[in-house]
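Colleague: Numbering (the numbering used here), first residue to last: 21 to 353.
From the three backbone atoms N, C-alpha and C, an ideal C-beta is built for every residue, glycine too.
Being a predicted model, the structure only gives us computed values, none of them experimental.
One structure is given below, represented as structure tokens, and several questions about it will come after.
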């Protein structure tokens, strides 16, 4: 049973998972032959073939008292996959407002059609942000041809998530399924953040193999945040842990990449990093509330305080950068 005060209950739960995938919708969405070929390759890579629907996600997260942000990715032009409709996700999520907030996705190659879709998703379906995956959608996010899309999102005052770093989608397929990793270098988002200073940008994942670039962009650009999904914290590189404890405490957020990592596993492994209680509260809940515009007295674009200069000057630059072992280190979207 959904509580009447959906948004209030959403904000009151113990944590907010900023990165949850809806992989199947009605009809062929997520079930077509092309989607299945990518899913089978991903299952081999990750050792998991779990698929998810909006209702199943809501039941699961409500049962563990964690709120979540859900989305799919429309990569039809680049991959031929039948996308799960953002309209469908938003309509279904409305019945689960106590535990779920929907983000939208548009195919960036559809130009003005994509712009109109963004407006419709915001005005008619109430989505609270957007998700892009430059690698699977086949575009460079700093290509100015796509700037009109960001203009609409910025004008709506909503955040936008960009996948960064490597991806398991297409891994072990012939030619990687045609997916190019270069488009997900977080340094490309530095241009977007500079050109759209009022657009809240969330870099998804620790950005491996470009982690240093991602940390630099998040530290330098006031409007850029990170969700730490796709990797168990057990495999976080030491420099990332140093930054989240010291210089980016207001900029990083919990995300799991469910269904490929469960939120319980992520939170349990995060607890082993030795992060203090105040910072842990920010990472698992408070920063997300601010970015989503749900924090009391804090609009979506609240300024984030400048980090302490001593902290900026003294991170351990000699932290080892080691490759995680193969036990689900990095996940797909």
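Would residue 220 pass as a contact of residue 179 if the rule is Cβ separation under 8 Å?
Modeller: Against a cut-off of 8 Å, the Cβ pair of residue 179 and residue 220 comes out as a contact.
Colleague: Do residue 309 and residue 272 have their CB atoms nearer than 8 Å?
Modeller: For residue 309 and residue 272, no; Cβs fall outside 8 Å.
Colleague: Suppose you measure from the CA of residue 106 to the CA of residue 129; what does that come to, to the nearest Å?
Modeller: Rounded to whole angstroms, residue 106 to residue 129 spans 16 Å at the Cα level.
Colleague: Give me the Cα-Cα distance between residue 280 and residue 168, rounded to the nearest whole angstrom.
Modeller: Whole-angstrom Cα-Cα distance: 33 Å.
Colleague: Between which two residues does the beta strand (DSSP E) harbouring residue 240 extend?
Modeller: First-last for residue 240: 231–240, but that is the alpha helix (DSSP H), not the beta strand (DSSP E).
Colleague: Terminal residues of the continuous beta strand (DSSP E) containing residue 245?
Modeller: Unbroken beta strand (DSSP E) run through residue 245: 244–247.
Colleague: Give me, in chain order, the residues of the same chain whose beta-carbon lies closer than 6 Å to that of residue 227; leave out the 5 immediate sequence neighbours on both sides.
Modeller: Closer than 6 Å at the Cβ level, and outside the excluded window around residue 227, lie 184, 185, 206 and 234.
Colleague: State the Cα-Cα distance for the pair residue 327 and residue 101, rounded to the nearest angstrom.
Modeller: Confidence at residue 327 is low in this model, with a pLDDT of 38, below 50, so the placement of that residue is unreliable and no value is reported for it.
Colleague: If residue 39 sits next to residue 277, beta carbons under 8 Å apart, how far is it from one beta carbon to the other, in whole angstroms?
Modeller: Contact flag correct, Cβ pair sits at about 5 Å.
Colleague: Look up residue 344 in the DSSP assignment and say whether it is helix, strand or coil.
Modeller: In this prediction, residue 344 scores a pLDDT of 33, lower than 50, which makes its location untrustworthy; no coordinate-derived value is stated.
Colleague: For residue 165, is the classification buried or exposed, using 16 other Cβ atoms within 10 angstroms of its Cβ as the cut-off for buried?
Modeller: Answer is exposed; the Cβ neighbour count stays below 16.
Colleague: Restricting to Cα atoms, I'd like to know which of 46, 84, 73 and 94 is closest to residue 284.
Modeller: Closest option to residue 284, Cα to Cα, is 84.
Colleague: Touching or not, the segment 209–218 and the segment 119–129, by the rule of three or more beta carbon pairs under 8 Å?
Modeller: Touching, no.
Colleague: Please report the residue range of the beta strand (DSSP E) in which residue 252 lies.
Modeller: It is not in any beta strand (DSSP E) - residue 252 carries neither H nor E in the DSSP assignment.
Colleague: Between residue 223 and residue 193, is the Cβ-Cβ spacing less than 8 Å?
Modeller: No, the Cβ-Cβ distance between residue 223 and residue 193 is not below 8 Å.
Colleague: Given a threshold of 16 other Cβ atoms within 10 Å of its Cβ, counted over all protein chains shown, does residue 161 qualify as buried or as exposed?
Modeller: Flag for residue 161 reads buried.
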